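Here the structure is laid out as structure tokens; the discussion comes afterwards.
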Amino acid sequence: MSDKRKARRAPLDIYLNKYMGGVPYMSRAADISQEGLSLARLLEPQHEAKRIGLQFQLPGSDEIIYAEGEVVREWVEAAPAAKRERSGVRFTLLTERHRKMIDAYVDRHGNEN
């Protein structure tokens, strides 16, 4: 996947709300960029939803970020104990304030891909 990434990414190990059809499901982020984030599916039904809502907090911040996104990639990651379903989400709606918060977080914690 790293060969398709265009933006700097930063590790992000947090739980967040992923809204599908207006219903929140817990998901776990692995990393974030100015363009989107990578999610692991936890407890959610099989779905075909490509447009999702997101609600999360960056580490060290008390502010909740609300965003909308589009699932642009899905894959299964083989792990020693089990297979993990993952998805790549591109932000489609994000306030300028929240975009700046994400940019600052990536600048502080990111690495070049």
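In terms of UniProt numbering, the sequence shown opens at residue 1 and continues consecutively. Each residue gets a CB set at the ideal place from its N, CA and C atoms; glycine is no exception. No experiment lies behind these values; they were computed from the predicted model shown.
- Rounded to the nearest whole angstrom, the CA to CA distance from Met-20 to Gly-53 is 7 angstroms.
- Taking a C-beta distance under 9 angstroms as the contact criterion, Arg-86 and Arg-51 do not qualify as a contact pair.
- Here DSSP, grouped into helix, strand and coil, assigns Ala-10 to strand.
- Per DSSP, Ala-30 lies in no alpha helix (DSSP H); the unbroken beta strand (DSSP E) holding it starts and ends at 23 to 33.
- Residues Asp-31 of the same chain have their beta carbon placed closer than 6 angstroms to that of Pro-11, with the five preceding and five following residues left out of the count.
- The Cβ-Cβ distance between Ile-14 and Leu-43 does not fall below 9 angstroms.
- Within the same chain, Cβ atoms closer than 8 angstroms to the Cβ of Val-76 are found at Lys-83, Arg-84, Glu-85, Arg-86, the five residues on either side in sequence being excluded.
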